[in-house]
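Worksheet: one structure, shown below.
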Amino acid sequence: MLQRIGWIGPPSRPVRARRDARFNERIQSARDRFPAATWQGLGQAHFFKHFPDEWDNALAMLRHVVKRFQQESPGGDIVFAVIPTLRQLHPEVVGDAAEVLELEGQDLECDDRVCEAMLAICRELDVEAIDLRPAMRRETTALFWDFDHHINVAGHRIIARELESHMNRAVVGRSSR
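This note's numbering puts the first residue of the sequence shown at 4, with every later residue one more than the last.
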(Lines of atoms letter the chains of each structure in order from A and count residues from 1; the text may use other names and numbers.)
(Lines give C-alpha, C1' and ligand atoms only; values in the text may rest on other atoms or scores of the structure.)
Protein backbone atom coordinates (compact mmCIF):
# COMPACT_ATOMS: atom_id res chain seq x y z
CA MET A 1 0.00 0.00 0.00
CA LEU A 2 2.82 2.45 0.74
CA GLN A 3 3.99 2.24 -2.86
CA ARG A 4 0.44 2.65 -4.15
CA ILE A 5 -0.08 5.90 -2.24
CA GLY A 6 3.31 7.25 -3.24
CA TRP A 7 5.02 6.93 0.13
CA ILE A 8 7.76 4.68 -1.26
CA GLY A 9 9.53 5.96 -4.31
CA PRO A 10 11.04 9.22 -5.44
CA PRO A 11 9.95 12.36 -3.60
CA SER A 12 6.94 14.06 -5.09
CA ARG A 13 8.62 17.44 -4.85
CA PRO A 14 12.18 18.61 -4.34
CA VAL A 15 13.29 20.25 -1.14
CA ARG A 16 13.99 23.86 -2.02
CA ALA A 17 15.64 24.97 1.20
CA ARG A 18 19.03 26.69 1.26
CA ARG A 19 21.74 24.25 2.22
CA ASP A 20 24.47 25.01 4.67
CA ALA A 21 27.78 24.77 2.79
CA ARG A 22 28.85 21.79 4.90
CA PHE A 23 25.48 19.99 5.01
CA ASN A 24 26.40 17.28 2.48
CA GLU A 25 29.95 17.01 3.76
CA ARG A 26 28.78 16.34 7.32
CA ILE A 27 26.08 13.85 6.35
CA GLN A 28 28.47 11.96 4.07
CA SER A 29 31.16 11.87 6.75
CA ALA A 30 28.66 10.55 9.30
CA ARG A 31 27.32 7.94 6.85
CA ASP A 32 30.85 6.77 6.03
CA ARG A 33 31.89 6.49 9.67
CA PHE A 34 28.60 5.65 11.40
CA PRO A 35 26.14 4.36 8.77
CA ALA A 36 23.73 2.69 11.20
CA ALA A 37 23.44 5.73 13.47
CA THR A 38 23.03 8.06 10.52
CA TRP A 39 20.32 6.03 8.83
CA GLN A 40 18.47 5.25 12.06
CA GLY A 41 17.39 8.68 13.25
CA LEU A 42 20.35 11.04 13.14
CA GLY A 43 20.01 11.60 9.41
CA GLN A 44 16.50 12.96 9.88
CA ALA A 45 17.65 15.04 12.86
CA HIS A 46 20.39 16.54 10.67
CA PHE A 47 17.87 17.16 7.89
CA PHE A 48 15.36 18.94 10.12
CA LYS A 49 18.13 20.99 11.75
CA HIS A 50 18.98 22.40 8.34
CA PHE A 51 15.47 22.40 6.87
CA PRO A 52 13.14 23.16 9.79
CA ASP A 53 10.46 24.40 7.41
CA GLU A 54 10.13 20.84 6.11
CA TRP A 55 8.78 19.62 9.48
CA ASP A 56 5.22 20.69 8.65
CA ASN A 57 5.47 19.01 5.24
CA ALA A 58 6.68 15.80 6.87
CA LEU A 59 3.77 15.87 9.33
CA ALA A 60 1.31 16.45 6.49
CA MET A 61 2.74 13.43 4.66
CA LEU A 62 2.55 11.33 7.82
CA ARG A 63 -1.06 12.39 8.41
CA HIS A 64 -1.85 11.52 4.78
CA VAL A 65 -0.38 8.04 5.16
CA VAL A 66 -2.29 7.37 8.41
CA LYS A 67 -5.53 8.55 6.75
CA ARG A 68 -4.92 6.26 3.78
CA PHE A 69 -4.34 3.27 6.04
CA GLN A 70 -7.53 4.24 7.89
CA GLN A 71 -9.45 4.37 4.60
CA GLU A 72 -8.05 0.98 3.57
CA SER A 73 -9.19 -0.51 6.91
CA PRO A 74 -12.83 0.57 7.21
CA GLY A 75 -13.45 -1.97 9.98
CA GLY A 76 -10.98 -0.13 12.17
CA ASP A 77 -8.68 -3.13 12.54
CA ILE A 78 -5.48 -1.16 12.32
CA VAL A 79 -2.93 -0.41 15.02
CA PHE A 80 0.20 1.66 14.54
CA ALA A 81 3.14 0.69 16.71
CA VAL A 82 5.53 3.48 17.67
CA ILE A 83 8.95 1.86 18.01
CA PRO A 84 11.89 3.78 19.48
CA THR A 85 15.26 4.10 17.82
CA LEU A 86 18.41 2.93 19.55
CA ARG A 87 19.28 6.58 20.20
CA GLN A 88 16.08 7.02 22.19
CA LEU A 89 17.01 4.14 24.48
CA HIS A 90 20.80 4.55 24.54
CA PRO A 91 21.84 8.02 23.34
CA GLU A 92 25.47 7.42 24.28
CA VAL A 93 25.79 4.81 21.50
CA VAL A 94 25.38 7.42 18.77
CA GLY A 95 27.23 10.28 20.46
CA ASP A 96 30.16 10.29 18.05
CA ALA A 97 27.89 10.35 15.00
CA ALA A 98 25.86 13.18 16.54
CA GLU A 99 29.08 15.11 17.07
CA VAL A 100 30.10 14.71 13.41
CA LEU A 101 26.67 16.04 12.41
CA GLU A 102 27.00 18.86 14.95
CA LEU A 103 23.72 17.83 16.60
CA GLU A 104 23.05 18.86 20.16
CA GLY A 105 20.23 19.70 22.52
CA GLN A 106 16.91 20.04 20.75
CA ASP A 107 18.37 18.56 17.53
CA LEU A 108 18.68 15.24 19.32
CA GLU A 109 15.01 15.23 20.30
CA CYS A 110 13.95 14.66 16.69
CA ASP A 111 13.08 10.97 17.15
CA ASP A 112 10.94 11.82 20.17
CA ARG A 113 9.22 14.60 18.22
CA VAL A 114 8.42 12.13 15.43
CA CYS A 115 7.02 9.59 17.90
CA GLU A 116 4.91 12.21 19.66
CA ALA A 117 3.67 13.54 16.32
CA MET A 118 2.66 10.04 15.21
CA LEU A 119 0.75 9.45 18.44
CA ALA A 120 -0.95 12.85 18.17
CA ILE A 121 -1.98 12.21 14.56
CA CYS A 122 -3.42 8.83 15.53
CA ARG A 123 -5.39 10.41 18.39
CA GLU A 124 -6.63 13.18 16.10
CA LEU A 125 -7.81 10.67 13.48
CA ASP A 126 -9.13 8.18 16.07
CA VAL A 127 -6.71 5.49 14.92
CA GLU A 128 -5.30 3.03 17.44
CA ALA A 129 -1.62 3.38 18.30
CA ILE A 130 0.59 1.73 20.85
CA ASP A 131 3.68 3.48 22.18
CA LEU A 132 6.36 0.83 22.63
CA ARG A 133 8.94 3.21 24.08
CA PRO A 134 8.06 2.59 27.76
CA ALA A 135 8.16 -1.21 27.43
CA MET A 136 11.43 -1.13 25.54
CA ARG A 137 13.00 1.32 27.99
CA ARG A 138 12.29 -1.12 30.83
CA GLU A 139 14.34 -3.87 29.19
CA THR A 140 17.93 -4.46 30.22
CA THR A 141 18.91 -6.75 27.34
CA ALA A 142 20.14 -5.42 24.01
CA LEU A 143 17.17 -4.84 21.69
CA PHE A 144 19.06 -3.66 18.60
CA TRP A 145 21.71 -5.16 16.36
CA ASP A 146 25.06 -3.39 16.75
CA PHE A 147 25.85 -3.46 13.03
CA ASP A 148 22.76 -1.65 11.71
CA HIS A 149 20.77 -0.49 14.77
CA HIS A 150 17.65 -2.33 13.64
CA ILE A 151 15.53 -4.26 16.14
CA ASN A 152 17.08 -7.64 16.98
CA VAL A 153 15.37 -10.90 18.01
CA ALA A 154 14.98 -9.83 21.65
CA GLY A 155 13.52 -6.51 20.51
CA HIS A 156 11.02 -8.27 18.28
CA ARG A 157 9.99 -10.46 21.21
CA ILE A 158 9.22 -7.37 23.30
CA ILE A 159 7.26 -5.84 20.43
CA ALA A 160 5.32 -9.07 19.87
CA ARG A 161 4.56 -9.40 23.59
CA GLU A 162 3.30 -5.82 23.83
CA LEU A 163 1.22 -6.08 20.66
CA GLU A 164 -0.28 -9.38 21.82
CA SER A 165 -1.18 -7.83 25.16
CA HIS A 166 -2.68 -4.79 23.42
CA MET A 167 -4.72 -6.98 21.06
CA ASN A 168 -5.94 -9.22 23.89
CA ARG A 169 -7.13 -6.15 25.82
CA ALA A 170 -8.92 -4.94 22.67
CA VAL A 171 -10.66 -8.30 22.21
CA VAL A 172 -11.75 -8.38 25.86
CA GLY A 173 -12.99 -4.80 25.52
CA ARG A 174 -15.03 -5.66 22.42
CA SER A 175 -16.54 -8.80 23.93
CA SER A 176 -17.67 -6.96 27.06
CA ARG A 177 -19.71 -4.46 25.03
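The beta-carbon is built from N, C-alpha and C at its ideal position, and this holds for glycine as well.
| Check | Outcome |
| --- | --- |
| Option in Ala138, Asp149 and Arg90 with minimal Cα separation from Ile161 | Ala138 |
| Option in Val156, Glu95 and Glu131 with minimal Cα separation from Trp148 | Val156 |
| Environment of Ala40 [buried if 16+ CB atoms lie within 10 Å] | buried |
| Residue range of the unbroken beta strand (DSSP E) whose run includes Glu131 | Glu131 to Asp134 |
| Chain-order list of residues whose beta-carbon lies under 8 Å from that of Arg19 (same chain, five-residue window excluded) | In this predicted model, Arg19 has a pLDDT of only 47, less than 50, meaning its place in the structure is not dependable enough to derive any value. |
| Check: Leu104 C-beta below 6 Å from any heavy atom of the ligand NAP | Judged by which ligands are present, the structure shown has none, so any question about the ligand NAP falls away. |
| Ordered list of beta strand (DSSP E) runs contained in the segment 75-132, each at least 3 residues | 82-85 |
| Reference Ala63, options Leu135, Ala123, Glu28 and Ala132, closest by Cα | Ala123 |
| Whole-Å CB distance - Leu111 paired with Pro87, under 8 Å assumed | Not confirmed; about 13 Å, so no contact. |
| Cα-Cα separation between Ala100 and Arg36, rounded to whole angstroms | 8 Å |
| Chain-order list of residues whose beta-carbon lies under 8 Å from that of Leu166 (same chain, five-residue window excluded) | Val82, Ala84 and Ile133 |
| Chain-order list of residues whose beta-carbon lies under 6 Å from that of Ala33 (same chain, five-residue window excluded) | Thr41, Ala100, Val103 and Leu104 |
| Separation of His53 from Leu146, as counted between CA atoms | 30 Å |
| Neighbourhood of Gly44 by C-beta, 6 Å cutoff - its chain only, sequence neighbours within 5 removed | Thr88, Arg90 and Asp114 |
| Beta-carbon proximity check, Gln47 vs Val130, cutoff 7 Å | no |
| Pair within 7 Å by beta-carbon distance, Trp58 and Phe51 | yes |
| Status (buried if at least 16 other CB within 10 Å, exposed otherwise) for Glu107 | exposed |
| C-beta atoms of Val69 and Leu135 nearer than 7 Å | no |
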